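Read the structure below first, then the notes.
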Amino acid sequence: MNDEPFQSIGDLAAGITGNIEIIKPANRAEWLAARKRDVTASDVSTLLGVNPYKTPFELWAEKTGRKADAEDNDVFRRGRAMEFIAIDFLREDYPDWKITHSYNNRYFRDPMGRIGATPDAFVAMPGRKGRGIIQIKSASDYSVKNWIDPETREITPPVYVAVQALIEAELTKSSYAMVALIVSGHGLKLHPPIEIPLVPKLMTRIRSEVADFWRLTDSGGHPDTDWKRDGALIEELYEPDGSIVDLANDNMLPAICDEKARIASEKGVIEKRLKEIKAELLDKMRGASAARIADGRLITAKTVERAGYEVKATSYIDVRIKKAGAE
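Number 286 in this note's numbering belongs to position 304 of the sequence shown; there are no gaps in the numbering.
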């Protein structure tokens, strides 16, 4: 890590510093384009299996242009807006820190490793050598529960956040890394920045995982799909084209098809029985809004009004299994 004094991000000209390329994008579109070539710090955790929001298969789909980059939605827009507020709060709470807000005006990348990062802010602290990065994260009153350690009840950055901070420090040759969480709800609360340990062994594994990802992708392959998490993406990518594929060598498929048929049959029976039970209960209640039964439980009946609305046209893939010999 670099221990030279840091003045401001303006000291870093776009170009090459050591083995790190520093890109100064003119706008957000150029920033997004620069990131396309790399696995960025926020996505590396998918390859480590610790990202709750993205799978390796989804990352592959984004990097190969099969799926739009998820960096622009309401959640990300809120995060960008909250970033400015968090920086202001940090400057108020720590007036002796020299904090420089990056805001996407520098993109750091390792062109050999194809890893990139855009730190939110840099910091120089009195009495501490070198510079550090500060990663800003935002959460709502509801989602902040994901940051609370179940044992200590203290704010603790999730692993995927810590991984991101570690990579940002590595690529910017910073001496330390911190994560600052701002929570919005009825008010705004900035939690004290938490320092993230810089673990060289983890960086070694990260570089290995990223190299494996690009090797697989460049060879025309893709990471294994997660059928629990990738279902919507699989349906989006593989729209039926009218062809017939021979899967006779896949010995697992007959059992899977049998399971699908069994579950569909059970679902129909269950839904039918639920309707029968509902009718029996309403018949016995004879219009009452509630009924108490022998074991003390209370049955309630309430009319729920649903507002009329126009539904946009949608499409989905209907998967059915036909008997052998059927066309």
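By construction, the Cβ of each residue, glycine as well, lies at the ideal position given by its N, Cα and C atoms.
Since the model is a prediction, treat every value here as computed from it, not as a measurement.
Per DSSP, the bridge partner or partners of residue i
| i | result |
| --- | --- |
| MET185 | Bridge partners of MET185: none, in fact. |
| LYS171 | VAL165 |
| VAL251 | BP columns for VAL251 are empty, so no partner. |
| GLU191 | In DSSP, GLU191 forms no bridge with anything. |
| GLN146 | GLN146 pairs with nothing; no bridge assigned. |
| THR22 | GLY98 |
| VAL105 | ILE81 and GLY114 |
| TYR158 | GLY114 |
For residue j and residue i, the rounded distance between their alpha carbons
| i | j | result |
| --- | --- | --- |
| ASN87 | ALA214 | 34 angstroms |
| ARG110 | LYS210 | 46 angstroms |
| ASP200 | TRP79 | 44 angstroms |
| LYS6 | PHE58 | 21 angstroms |
| VAL21 | GLY98 | 6 angstroms |
| VAL105 | GLU152 | 15 angstroms |
| ARG257 | GLY250 | As written in the sequence, residue 257 is Lys, which differs from the Arg given in the question. Distance between the alpha carbons of LYS257 and GLY250: 11 angstroms. |
| ILE(-2) | ARG91 | Any reading at ILE(-2) is ruled out, since the residue's pLDDT is 47, under 50, leaving its predicted position unreliable. |
| ILE281 | LYS266 | 11 angstroms |
| GLU65 | PHE195 | 31 angstroms |
| MET160 | LEU29 | 22 angstroms |
| GLY47 | LEU264 | 54 angstroms |
Same chain only: Cβ atoms within 6 angstroms of residue i, ignoring 5 sequence neighbours per side
| i | result |
| --- | --- |
| PRO93 | GLU3 |
| PRO222 | none |
| LYS254 | none |
| SER24 | GLN146 |
Residue i (DSSP reduced to helix, strand or coil)
| i | result |
| --- | --- |
| ILE130 | strand |
| ILE238 | helix |
| VAL141 | helix |
| THR28 | helix |
| ASP223 | coil |
| ASP327 | Nothing can be reported for residue 327: it is not among the residues displayed for the chain, which extend from -17 to 309. |
| ALA15 | helix |
| ALA289 | coil |
| ALA43 | helix |
| THR282 | strand |
| ILE69 | helix |
| ARG62 | helix |
| ILE259 | helix |
| GLU177 | strand |
Neighbourhood of residue i by C-beta, 7 angstroms cutoff - its chain only, sequence neighbours within 5 removed
| i | result |
| --- | --- |
| LEU184 | LEU148 |
| TRP42 | THR199, HIS204 and PRO205 |
heavy atom of the ligand HEM below 6 angstroms from residue i C-beta
| i | result |
| --- | --- |
| LEU153 | Among the components modelled here there is no ligand, and therefore nothing to report on the ligand HEM. |
Residues near residue i by beta carbon distance below 8 angstroms, same chain, minus five either side
| i | result |
| --- | --- |
| HIS312 | Residue 312 lies beyond the residue range present for the chain, which begins at -17 and ends at 309; the question has no answer from this structure. |
| LYS18 | LYS45 and ASP51 |
| LYS171 | ILE164 and VAL165 |
| ASP(-7) | Here ASP(-7) scores only 38 on pLDDT, less than 50, and its place in the model is too uncertain to base an answer on. |
Neighbour-count burial assignment, residue i, 16 or more Cβ in a 10 Å radius
| i | result |
| --- | --- |
| ILE245 | exposed |
| GLY114 | buried |
| ALA(-4) | Residue confidence is low: ALA(-4) scores 46 on pLDDT, short of 50, so the model does not pin down where it sits. Its coordinate-derived value is still stated next. Counting Cβ neighbours within 10 Å, ALA(-4) comes out exposed, since fewer than 16 surround it. |
| SER157 | buried |
| VAL26 | buried |
| PRO182 | exposed |
| PRO38 | buried |
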